[in-house]
Structure formats: C-alpha cells, structure tokens
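In my numbering, the protein residues as written are 208 to 580.
Built from N, CA and C at the ideal position, the CB exists for glycine as well.
None of the values given here were measured: they were computed from a predicted structure.
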C-alpha cells in the first residue's frame, strides 16, 4: 500500500482552553488528590469588586500548525456589578505583571478583544483581557514547570490585587510520547498514559477530532460538528491513564450528538485524526472552579487573589500528541509510526505499514475541515 504523509494540523491547532462548563464543575472535584482543606466561608461579596481570572499554561500546542509547544499567560479582569451588565463590565487601564521568582518579569498588555482570555480561562464572561506581548515583541525567558509565579494587578484607582501560584511539575506522556504523531487502531480504545506531575491537583484532558463527517458518512451518520472538541478527566491524582476517546466528553454528554457518541465509545473511526492534550492543573485552578454537589471546603469557589480584588491565579503544565487512524480518506496508509501504549503497542491490525516514518517529517497532505464556530 502507498504511504501518505500525515494530515496537516488545522491552522488553529487544538486550543487548550481549560474552560469548563457549569455542569462539569462538580465532576472536576472528583480528581482532587484527597488533600484535606480547611473549611472556608466567604462573606457576601460587595456590590462592585474586581475579579481576576489569571492562568499560565506551559507547553501548549503552538497555533498555526507548527509542531512546537508554547506558553500562554493571560489575565481577564471584570467586575461583579449587579444588574444586566454584570460580568461584562471591563476593567481597562490596569498594570498587570507576572513575576517569576527566578528573576523574570512578564508585563501583560490590555486588549480590546476579550476572546483570547475567555478561551483560556474557565469563565463564560467578557471583560478586559491582558496577555503577554507577541513573541516578536519580547525576549522573555520561558516559564518552566515548578516555577513560582507572583501576580500583581494594579488598578486605575490604585488598588492592588495579588496572588501566587506554582506551576505543576514536569511530566511525560508515556504512551504515546510527548509531541509525537503516530497511528492508533480503528474502532478500539487507546490508553493515554502519563507520569505524575508534582503539585498537580487534577489532570484535564482535551481533544479535537477531525474527519468525522467523511468517516461516518458510510454509516449513515450526518455529523453536526466537525472538528469535534471534547474534555476528559482522570479520576484521581494517582490515576494517570485515560481511555481515548471513550472517556473524553464528560462535560459534553448532554450536548454531544448521540450517534457520534456511540461510535466514539468504541474508538476512533478509520480515516479520522486528533490532537490530544493532557494538562496538570494546580490547587488555585481546582479550588476556583470547584462547585456543584462536591464542596469539601464549604464554598463553591475559593479565591486565591487577595487585596483589592478577588478571583484566582492558576497554572497548568501541558503535554500533547497527535494520533492518526488508517486508512486516510485519500487511500494508502499514513507514513507515521504506531503509537506506543506505556512501552508496548496495541494488538491488532493497523491497516497498513505501521512503523514507517515519513522521511521529511513535514506536515503535509489533506487539510482538516474548516473549523465551525
């Protein structure tokens, strides 16, 4: 059979959002390490207070299809104003800095468009988004797993909000390997496995699946969303394995197309491909989004920002890989190695020549379908 290049990743890549819907907040609490928390009772919030939603993401897939990892630093500021405006109230003119105790200072700039922050923080609100300047405008050293970071937000009126986080420790994907592109079996679950991350309170798994429309058409299924974005979770800090794609979609079960969900419970259909990211998140992130029926601390959300603001400042370390399923839509087989499963291979037929690697390792071939918003 003819070996064909792997598909070119969608130009946006997988946007590692770490954004959870309200229905999923209670479920996320199940992945806590079991550490005991002191009970905290929050006083009735004032009529008008600035809320900080800060997140540092280390090692996320780069946008634009480049096979590298980047960091994302973002802070969304909004207000808890009563009335119709509510969370939509912007907070312009603030000075926002993230300080690394290794010596680096990361100044964040305010944007008129809040979407970069809304897509990377676990809120469904708008406000004023502050992000690190584009790479071509700065030479800041990269944030590393294990770094201690301090956030300082100085408001226009002189008020100051502060918080500290520790980026979860370095960890590795074991099967498949970090940033690997490889082939998995069709219609069979694949166990994503990773090593533990020091300081992690939870592991959030995300995937974006491409090619479902063409792959499921022969089965008489009209796919409503392609590419399909799904979230998944490990069930505890000690459980560092998740079945792909069956255990993804825990936050989407009420919205996911039923016949597509049934197919994905068995595995990835032939001709599809996906990017999968595993993010280790720390205490501040988990405490802020906790809620539902699981509230060991006695409150829905526990803020980690102090001073003249409230909210959270969290961090995540991310590892990712891309998986392909033979045969590709144009025929032949993908020129990529088999995906390893914690040191071995899935048993079964891969539908081609597993183990053959494209000599140029370029991301060429059919483009994934256009993103639907």
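Rounded to the nearest angstrom, the Cβ distance from residue 481 to residue 414 is 5 Å, consistent with a contact under 8 Å. Contact check for residue 363 against residue 301 passes: the beta carbons are separated by less than 9 Å.
Residue 336 sits in a strand when the DSSP states are folded into three classes. In the DSSP secondary-structure assignment, residue 487 is bridged to 410, 524.
In the three-state reduction of the DSSP assignment, residue 508 falls in the coil class, being assigned neither a helical nor a strand state. The C-beta distance from residue 259 to residue 360 rounds to 6 Å, short enough to meet the 8 Å contact threshold. By the criterion of at least three beta-carbon pairs nearer than 8 Å, the segment 448 to 461 is in contact with the segment 398 to 405.
Collapsing the DSSP output to three states places residue 430 in coil. Going by beta carbons, residue 527 and residue 473 fall outside the 9 Å limit. In its chain, beyond the 5 residues on either side, 368, 369, 370 have a beta carbon closer than 8 Å to the beta carbon of residue 513. Across the structure, residue 434 and residue 365 are spaced so that their CA atoms are roughly 45 Å apart. Of the residues assessed, residue 537 falls on the exposed side of the cut-off, its CB having fewer than 16 other CB atoms within 10 angstroms. Counting only residues of its own chain and dropping the five nearest sequence neighbours on each side, residue 382 has a CB closer than 6 Å to the CB of 400, 547, 548, 549. Here DSSP, grouped into helix, strand and coil, assigns residue 543 to coil.
In the DSSP assignment, residue 420 falls within the unbroken alpha helix (DSSP H) covering 419 to 423.
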